[in-house]
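If you want the numbering used here, it's the position in the sequence shown, counting the first as 1, plus 38. Glycine residues also receive a C-beta, built at the ideal position from the N, C-alpha and C atoms. Read the structure below first, then the notes.
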Amino acid sequence: MFSKFNANKIGLTALVALSLVATTVYATHSWGNYHWARTANPFTLKLGDNVSTAWDSYLTGASTDWSLSNVLDTTVVTGNAGNPRRCRATSGRVETCSASYGFNGWLGAASIWVSGNHITQGTVKVNDSYFNTSTYNTIGWRSLVMCQEIGHTLGLDHQDEDFNNEPITPHTCMDYFVPDASEVVHPNQHDYDQLETIYSHLDSSTTVGQTVNQRGNNSDAAEWGKTVRKDRQGRSSLFERGLGNGQKLFTFVFWSE
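Spelled out as structure tokens, the structure:
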């Protein structure tokens, strides 16, 4: 006989199962096994400033946020990327660039070059074609995208890639959501915990601040390579390009909402 007790038990079981699924979705969000090689924690990663004055405070704010991690610090330095439209990478650090890259669908793009499992250089691009419009020229969107793209260059993936579900609470820049116009979006504790997991071991050498002979010094869309993952809206969100000799270029793309 199918009793009310059995029905309640089944409902409770389903609820527990859904809760476990939700926990699993956000349990880990490292970007593969990729990380900066270093021989001690905390290490300091330089962020080259190739952005306009409209972005300076957001770059500084994101650097301050990520430096709250126990395992790493970031510091903003003079940019070395040349023309921001090309945003040439510099080995051993991350170059951050802003320019009007066109109405091509993306707000931001983060690229890392890897040798084996080690990140050797990175770039961040923020697209002023969109951020100069009233829709995206807000504190919320600028802080969200800058914070997220820098997070990718540290080895973090998204916590979630669905604009249509409820934002993660507390909010994190590693989530896809529509921020309030005046909201300053930060990492959350789960992001810092994930960084501690990624950098829980030490390496015998370092790729931070070192000169590494690396192919593919640009991160233009034509050079992103093949799609290896799509987001919940079916858009290509992660690209991979093989560079030979165990070296690869990965690019995360933050599409407009």
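Inter-residue spacing [alpha-carbon to alpha-carbon] between residue i and residue j
i: residue 267; j: residue 134; result: 24 Å
i: residue 132; j: residue 86; result: 6 Å
i: residue 125; j: residue 260; result: 14 Å
i: residue 121; j: residue 98; result: 21 Å
i: residue 196; j: residue 213; result: 6 Å
i: residue 170; j: residue 248; result: 36 Å
i: residue 61; j: residue 204; result: At residue 61 the pLDDT is 31, less than 50, meaning the model places this residue with poor confidence and gives no usable figure here.
i: residue 289; j: residue 194; result: 12 Å
i: residue 229; j: residue 185; result: 11 Å
i: residue 178; j: residue 105; result: 20 Å
i: residue 90; j: residue 119; result: 13 Å
i: residue 269; j: residue 207; result: 20 Å
i: residue 123; j: residue 273; result: 23 Å
i: residue 96; j: residue 139; result: 19 Å
i: residue 172; j: residue 144; result: 16 Å
i: residue 84; j: residue 174; result: 27 Å
i: residue 275; j: residue 127; result: 21 Å
i: residue 277; j: residue 231; result: 26 Å
i: residue 160; j: residue 271; result: 26 Å
i: residue 117; j: residue 150; result: 17 Å
i: residue 192; j: residue 265; result: 21 Å
i: residue 59; j: residue 211; result: Its pLDDT being 37, under 50, residue 59 is placed unreliably by the model, and the measurement read from it follows with that caveat. Computed Cα separation, rounded: 22 Å.
Proximity below 8 Å, CB of residue i to CB of residue j
i: residue 93; j: residue 164; result: yes
i: residue 80; j: residue 111; result: yes
i: residue 152; j: residue 237; result: no
i: residue 101; j: residue 115; result: no
i: residue 292; j: residue 183; result: yes
i: residue 137; j: residue 190; result: no
i: residue 167; j: residue 201; result: no
Cβ distance (whole Å) where residue i is taken to contact residue j below 8 Å
i: residue 155; j: residue 88; result: That belief does not hold up - the Cβ atoms of residue 155 and residue 88 are roughly 27 Å apart, past 8 Å.
i: residue 146; j: residue 199; result: Not confirmed; about 14 Å, so no contact.
i: residue 77; j: residue 240; result: 6 Å
Close-in-space but distant-in-sequence residues of the same chain around residue i (CB under 8 Å, 5 per side omitted)
i: residue 39; result: Legend: pLDDT at residue 39 = 41, less than 50; position of this residue unreliable, value from coordinates given subsequently. Correct list: empty, nothing qualifies.
i: residue 209; result: 215, 217, 221, 223, 224, 226
i: residue 235; result: 66, 68
i: residue 253; result: Legend: pLDDT at residue 253 = 49, less than 50; position of this residue unreliable, value from coordinates given subsequently. Excluding sequence neighbours, residue 253 sits near 281, 282, 285.
i: residue 45; result: Summary for residue 45: the model assigns pLDDT 40, below 50, so the residue's position carries little reliability, and this model does not support an answer.
i: residue 258; result: 124
For residue i, the residue or residues it bridges with in DSSP
i: residue 156; result: 73, 153
i: residue 81; result: 110
i: residue 144; result: 293
i: residue 213; result: 198
i: residue 280; result: 286
i: residue 87; result: 116, 134
Contact set for residue i: own chain, Cβ-Cβ below 7 Å, skip 5 residues either direction
i: residue 245; result: 74, 75, 130, 156, 157, 158
i: residue 295; result: 201, 216
i: residue 176; result: 219
Chain-order list of residues whose beta-carbon lies under 6 Å from that of residue i (same chain, five-residue window excluded)
i: residue 243; result: 75
i: residue 233; result: 107, 109
i: residue 279; result: 263, 287
i: residue 180; result: 96
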